[in-house]
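Position one of the sequence shown corresponds to residue 891 (our numbering), numbered consecutively onward.
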Amino acid sequence: MNLDRDESIRTLQRLVQFDSRTETPGESEVVEYVAERMSAHGLGTRLVDAGEGRLNAVGVWKGHGRGPRLMFNGHLDTNHVGEGWTVDPWEGRAADGHIYGIGVSNMKAGCAAYLRAVEELAAEGFQPAGDVVLTHVVGELQNGIGTLALLQDGWSADFFINCEPTDLAAMTMHAGSINFRVVLRGRTRHLSKREEAVDVIPAAMALVPMLNGLVFSGAEDPDHRAVNRCHIGLVRAGIGESLDESRPPQIADVAHLTGSARFAPGQTVAGVLEDIRREAAAVQDLIPGLHVEVLWLDEIQKRPYFPPFEARTDSLLVRTLNQEWADLRGASQPTGLLFPSSFFGSDAAHLAATGMPGVVCGPGGQFNTMPDERVAVDDYLDAIQLYKRVIVRLCG
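Here it is in structure tokens:
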């Protein structure tokens, strides 16, 4: 298949040049740009309300017959820029065989790849039998509120490809994800009366490694157990519920351990929280006067969470993807569990929860979500070719 390399690179660079950090106006600006571009290439295009004035874009390349309907899904919101960058995060610089920029791996390269795949096929005169649906969403970094809005609006397909970065491997399982907080409450005293205090800091120090080593109950097999992980990412302690830090001579009586849990299909949020509570209770039992509470933050904040995702490795879509990868690269496509990607949440979980069969497969991954984030040009171009081949084989 032909490929306009220069136009494909320019497309990705243009997407990077939008500052579309989560919950900023740039999210909708880049979505509107993509919508205009899909419309200009003959796709039926709609802007879909994602809430709070934010927009998703959907483009439908209408099929001429009764072939399967294939959805591509990706998000255009990005993380915020951390320390350590040596290039402009929004330049879209092409150098050393890579394209650099915030969000280029997670996941503007995937979004650009399926946009270019449809543009290229249309320019070549191909017409699918089944519809090809391109979805570009916001708010994925808020646990998928953009894709959930699309599903609530009624969008669906016979198959989906979520283009999160997997270095173009086919990921058929990833963990579910929740955020939680463990609140420890003790008793404060001045250090001169330390013996009368219940110090939450040693209690927190004991509990953190217990939680970080936790494997949740109910895993069905070793593969499911492999996507279990619990991690405390934030520790704060101080005086009172405000965690006041102005009195170092005072014994801390409240501590917050905030973390995230990853769990497999077949395991439940309730089971995960119960396992965390069991570990917290063990520390509480060792320290008289200590009280421990475990909170599910996603529920308190009224935000969605990513459930686990699992797909059949022998589905028509996965077999088609495997075959087209083999024809493109002359090797077997890595398929199944992929680490570290299988610890990530994704919108694939929301799509699969509706009954749609799907897979996660996108360019990028090696340099994902880090200073000087980048994607290899060759992998990005191969993603375009791979998506073109799958559209022709599956929808044609």
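Built from N, CA and C at the ideal position, the CB exists for glycine as well.
Which residue's Cα is closest to the Cα of residue i: the options?
i: R927; options: E1009, R956, R944; result: E1009
i: W1045; options: D1188, T1210, M961, E913; result: M961
i: E1189; options: L1206, I1177, L1163, N1212; result: L1163
i: D978; options: D1175, G993, V1182; result: G993
i: R904; options: R1209, V1072, D1089, G982; result: G982
i: G1076; options: N969, R1209, P1178, L1211; result: P1178
i: R911; options: N969, I899, S898, E942; result: N969
i: T1244; options: H1114, G1255, D1043; result: D1043
i: I1091; options: V1072, L1104, S1082; result: V1072
i: S918; options: E942, E897, S898; result: E942
i: L1005; options: L902, M1100, L1104; result: L902
i: V1184; options: P1198, R1168, F1199, L1176; result: R1168
i: P1112; options: L1227, W980, A1221; result: L1227
i: D909; options: G1220, K952, L1176, V1028; result: V1028
i: G1149; options: I1166, S1082, S1231, V938; result: I1166
Rounding to the nearest angstrom, what Cα-Cα distance links residue i and residue j in this structure?
i: F1229; j: L893; result: 31 Å
i: A940; j: I1035; result: 7 Å
i: D1269; j: F1257; result: 12 Å
i: F1050; j: A1238; result: 8 Å
i: Q1275; j: H1026; result: 19 Å
i: R1202; j: P1018; result: 25 Å
i: D967; j: G991; result: 13 Å
i: E1135; j: H1080; result: 14 Å
i: F1070; j: V1250; result: 26 Å
i: G1235; j: P1055; result: 12 Å
i: H954; j: W1215; result: 26 Å
i: Q1140; j: A1087; result: 10 Å
i: A1013; j: V924; result: 17 Å
i: M1246; j: E1131; result: 45 Å
i: A930; j: D1204; result: 37 Å
i: C1001; j: Y1277; result: 11 Å
i: P1198; j: A1273; result: 25 Å
i: E897; j: G1220; result: 26 Å
i: R1264; j: G974; result: 14 Å
i: L1176; j: R1209; result: 54 Å
i: T1158; j: M1100; result: 20 Å
Suppose the cutoff is 7 Å on Cβ atoms and the five residues either side in sequence are ignored; what does the same chain contact list for residue i look like?
i: A1094; result: L1074, V1125, A1127, A1145, L1147
i: H1240; result: G1034, T1037, L1038, L1041
i: G972; result: P1261
i: G1161; result: F1106, S1107, G1108
i: Q1032; result: T912, R1193
i: P1187; result: For the sequence presented, residue 1187 should be read as Leu rather than Pro. So the list reads N1069, F1070, R1071, once near-sequence residues are dropped.
With the cut-off set at 8 Å, would you say residue i and residue j are in Cβ contact?
i: T1259; j: N963; result: no
i: G1066; j: F1196; result: yes
i: M1061; j: V1117; result: no
i: A1007; j: I1281; result: yes
i: N946; j: V920; result: no
i: A1059; j: P1253; result: no
i: A1170; j: C1120; result: no
i: H889; j: Q1191; result: Absent from the structure is residue 889, since the part of the chain shown begins at 891 and ends at 1286.
i: R1283; j: L1218; result: no
i: I1122; j: A1142; result: no
i: G1248; j: N1052; result: yes
i: D1057; j: G1255; result: yes
i: G1286; j: G957; result: yes
i: E1030; j: H965; result: yes
i: L1271; j: R895; result: yes
i: W951; j: V906; result: no
Under 6 Å Cβ to Cβ from residue i, same chain only, skipping five residues before and after it: list those, please.
i: G949; result: M928, L933, T935, L1024
i: R959; result: G1020, D1021, A1047, D1048
i: A1096; result: V1173
i: V1098; result: I1122
Just to confirm my understanding: we take residue i, look at its own chain, exclude 5 residues before and 5 after, and list those with CB closer than 8 Å. What are they?
i: E1110; result: A1154, P1155, G1156
i: T976; result: P1261, D1262
i: F1233; result: H1064, A1065, V1117, R1119, R1152
i: V1267; result: I899, A984, G987, H988, I989
i: Q1223; result: L1058, A1059, A1060, L1211, N1212, W1215, A1216
Please confirm whether residue i has its beta-carbon closer than 8 Å to some beta-carbon of chain B.
i: D1143; result: In summary, chain B is missing from the structure at hand, where a single protein chain is found.
- Ordered list of beta strand (DSSP E) runs contained in the segment 1060-1127, each at least 3 residues: 1066-1075
- Item | Length at least 4, wholly inside the segment 1202-1273: the alpha helix (DSSP H) runs in chain order | 1206-1219, 1238-1242
- Message: As an exercise, report each continuous alpha helix (DSSP H) stretch of at least 4 residues that is fully enclosed by the segment 937-972, in chain order.
- Response: none
- Query: Fully enclosed by the segment 975-1050, which alpha helix (DSSP H) runs are 4 residues long or longer?
  - Reply: 999-1013, 1035-1042
- Query: Hey, which unbroken runs of the alpha helix (DSSP H) at 4 residues or more fall wholly within the segment 1147-1176?
  - Reply: 1159-1176
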